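What follows is a set of notes on a single structure, which appears directly below.
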Amino acid sequence: MKTFTLITVGLLVVASAQAAPQRMLTRISDETGVPVATLQAQRSATGFGYGEIEKANLLANASGQSFDTIAAKHRAGEGWGKIAHDYGFKLGDLVSGANQSDKALRPPHGGKGKAHGHGR
Numbered sequence: 067m068k069t070f071t072l073i074t075v076g077l078l079v080v081a082s083a084q085a086a087p088q089r090m091l092t093r094i095s096d097e098t099g100v101p102v103a104t105l106q107a108q109r110s111a112t113g114f115g116y117g118e119i120e121k122a123n124l125l126a127n128a129s130g131q132s133f134d135t136i137a138a139k140h141r142a143g144e145g146w147g148k149i150a151h152d153y154g155f156k157l158g159d160l161v162s163g164a165n166q167s168d169k170a171l172r173p174p175h176g177g178k179g180k181a182h183g184h185g186r
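Going by our numbering, the residue at position 6 of the sequence shown is 72; the numbering climbs one at a time, nothing skipped.
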């Protein structure tokens with residue numbers, strides 16, 4: 067029984083770890099309008115993390131430049147804030163705006179949560 071429990075827990079951990087990247091890519095896709103398959107290809111081609119992929123696509127959308135142009139600037143050593151500034155934007159405003167629009171797409175939280183001791 068103990069072995070079965072350990073195997074089950076292991077499978078749940080693996081399944082959860084595999085689902086997390088898909089959720090990240092879906093969220094970035096929702097924020098940027100870039101298809102998940104394209105985001106996956108961009109990650110493979112650049113080695114960027116999820117945050118970098120998000121920033122590069124937000125900057126590309128806002129500036130009218132291609133993802134490749136923005137990514138090349140960053141790989142050449144320019145910071146995301148400088149790249150945004152060069153195109154007349156503030157990086158924080160772009161990211162904040164994307165996060166706000168993502169929150170607007172989520173259904174409102176209904177009912178009580180699972181926290182104990184609150185809402186008595």
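Note that CB positions come from ideal geometry on N, CA and C, so glycine has one too.
Remember, it's a predicted structure, so these values are computed and weren't measured experimentally.
1. Please look up how many angstroms separate the CB atoms of Ile94 and Glu120, rounded, as I've assumed it's under 8 Å.
2. Please go through the same chain and pick out, in chain order, the residues whose beta-carbon is closer than 6 Å to the beta-carbon of Lys139, but skip the five residues on each side of it.
3. Go through its chain and collect everything with a Cβ distance to Gly177's Cβ below 7 Å, but skip five positions before and after it.
4. Give the secondary structure of Tyr116 by DSSP, where H, G and I count as helix, E and B as strand, and everything else as coil.
5. Is the beta carbon of Leu91 sitting closer than 8 Å to the one on Leu105?
6. Quick check on DSSP: helix, strand or coil for Ala86?
7. Check for me: the alpha helix (DSSP H) holding Ala150 runs from which residue to which?
8. Give a yes or no on whether the C-beta atoms belonging to Phe114 and Ala103 are separated by under 8 Å.
9. Looking at the structure shown, is Ser162 part of a helix, part of a strand, or coil, going by DSSP?
Result, derived from the coordinates:
1. Here residue 94 is taken as the residue at index 28 of the sequence shown, counted from 1. Here residue 120 is taken as the residue at index 54 of the sequence shown, counted from 1. That belief holds up - the Cβ atoms of Ile94 and Glu120 are roughly 5 Å apart, short of 8 Å.
2. If you number the sequence shown from 1, residue 139 lands on position 73. Ile149, listed in sequence order.
3. As a first step, residue 177 must be located in the sequence shown, where it is residue number 111. Interpretation of Gly177 is limited by its pLDDT of 48, a score under 50 that renders its predicted location unreliable; no figure is taken from the coordinates.
4. The residue you call residue 116 lines up with position 50 of the sequence shown. Tyr116 falls in the helix class under three-state DSSP.
5. Sequence index remark: in the sequence shown, residue 91 carries index 25 (1-based). Sequence index remark: in the sequence shown, residue 105 carries index 39 (1-based). Contact: yes.
6. Sequence index remark: in the sequence shown, residue 86 carries index 20 (1-based). The answer is helix: DSSP assigns Ala86 an H, G or I state.
7. Taking the sequence shown and counting its residues from 1, the one referred to as residue 150 is at position 84. Counted as a single uninterrupted DSSP element, the alpha helix (DSSP H) harbouring Ala150 occupies residues 146-152.
8. Taking the first residue of the sequence shown as position 1, residue 114 is located at position 48. Taking the first residue of the sequence shown as position 1, residue 103 is located at position 37. It is not a contact, given that the beta carbons lie outside the stated cut-off.
9. Taking the sequence shown and counting its residues from 1, the one referred to as residue 162 is at position 96. Correct three-state label for Ser162: helix.
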